[in-house]
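Participant: Numbering (my numbering), first residue to last: 5 to 204.
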Amino acid sequence: MKTVIFGSGVLAIAAGLGVYTWQASSTPAPCGNTSVAGAAIGGPFELVSETGETVTDRDVITKPTLVYFGYTFCPDVCPIDTMRNAIAADILAEQGVEIGNLFISVDPERDTPQVVGDFTDNFHPDMIGLTGSPEQVRAASQAYKTYYRAVEGDPEFYLVDHSTQTYLMFPDSGFATFFRRDTPAEQVAEITACFAGELT
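1. Buried or exposed for D111, please, with buried defined as at least 16 other CB atoms from any protein chain shown within 10 angstroms of its CB.
2. Going by DSSP, what residues sit across from T170 in a beta bridge?
3. I'd like to confirm the pairing. Which residues does DSSP put opposite Y151 in its beta bridges?
4. List the residues that DSSP assigns as beta-bridge partners of E50.
5. Using the Cβ count rule (16 or more neighbours within 10 Å means buried), how would you classify S177?
6. Measuring alpha carbon to alpha carbon, tell me which residue in L134, A143, I84, R185 is nearest G56.
7. Taking a contact to mean a Cβ-Cβ separation below 7 angstroms, would you say G104 touches T150 in this structure?
8. If you draw a straight line from the alpha carbon of V119 to that of P129, how long is it in whole angstroms?
9. Using three-state DSSP, classify F77 as helix, strand or coil.
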């Protein structure tokens, strides 16, 4: 059974491959780094962009990039988190720091390229929406150690349970840190700028 546990300072995901725990590192780091115990985050993926083009992680993570897994029919969590990431990108742009912003759908049955494109366009002109076949989405989710599960019910209006962390990824060094959904845009921007200075 897969379980998502949200707690103060800790997010644990019990998945078929094991238990992964996100917690603050005991070793202070200059950017407020967060360690991820028990798993490497990120890796190769192949998905379909909002333009209908098949892309890989190397195609879309070409600079410091915020990566979020959600779905467009999400009634509250995903729009709030996606807007937070968009605002952080705007704050950074004003500081001269350019970042990427990815929204990866965990609902490939409904989220076609056009649907994810329309969704991301509502939040930021530079945000890229990605979807794909169920197998492609599953592989990307497993690479990033995220969780999602469609809730049984109405075949058209079903909801999807999913994890909500946003990852900060770099094209060469990969995973830098993650942000919980209660992290404000200003803090996301501040920490992202710090890592961008350290790793680029």
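Ideal Cβ placement from N, Cα and C applies to all residues, glycine included.
Facilitator: If we stick to the structure as given:
1. buried
2. Y72, F183
3. None, per the DSSP bridge assignment.
4. T60
5. exposed
6. L134
7. no
8. 15 angstroms
9. coil
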